[in-house]
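I have placed the structure first, in the form of structure tokens, so that the comments after it can refer back to it.
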Amino acid sequence: MSEAIEEMPAPDACRKSHHPPSVKRDLTNRLNRIEGQVRGIKGMVDRDVYCDDIITQLAATQSALNSVTKVLLDGHLKGCVKDRLASGDEEILDELLVTFQKLMRK
Numbered sequence: 002m003s004e005a006i007e008e009m010p011a012p013d014a015c016r017k018s019h020h021p022p023s024v025k026r027d028l029t030n031r032l033n034r035i036e037g038q039v040r041g042i043k044g045m046v047d048r049d050v051y052c053d054d055i056i057t058q059l060a061a062t063q064s065a066l067n068s069v070t071k072v073l074l075d076g077h078l079k080g081c082v083k084d085r086l087a088s089g090d091e092e093i094l095d096e097l098l099v100t101f102q103k104l105m106r107k
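Right, dumping it as structure tokens:
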């Protein structure tokens, strides 16, 4: 029913992003709210809340996740992708296509 989460590379193999502190704070705040929403949904399931009400909360949570994705994608395109293309690294385009394919699976 749910897709498997891809295994993350070892920490020393990870590339790093460089978000300004304000963007990092915004992302962290958004993710903290999403975490609270998920806990709330779990509580709704535990309390046998009406299915449609749970689905409404799931849709709101998905929308919040999509907003985080948009912020990250914006920074990725304007920062990482732009910088790598400027340095002559066109492999970033293949990576970007894979990323778009992942986003379109939904």
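With my numbering applied, the sequence shown closes on residue 107, and no number is skipped along the way.
Cβ atoms here follow ideal geometry from the backbone N, Cα and C, with glycine treated the same way.
The structure displayed is predicted, hence computed values, not measured ones.
Task: Collapsed DSSP secondary structure at S88 in the structure displayed - done: Along the sequence shown, read from residue 1 onward, the residue named residue 88 stands at position 87. Correct three-state label for S88: coil.
Problem set entry | Burial state of I56 (16 or more Cβ within 10 Å) | Numbered from 1 along the sequence shown, position 55 holds the residue referred to as residue 56. Burial call: exposed.
Q) Looking at C-beta atoms only, is the number of pairs between the region 13-29 and the region 65-79 that lie closer than 8 Å three or more? A) yes
Using DSSP with H/G/I as helix, E/B as strand and the rest coil, what is A60? Your numbering for residue 60 matches position 59 in the sequence shown. The answer is helix: DSSP assigns A60 an H, G or I state.
Is the region 55-70 touching the region 36-47 in the sense that three or more CB pairs, one from each, lie closer than 8 Å?
-> yes
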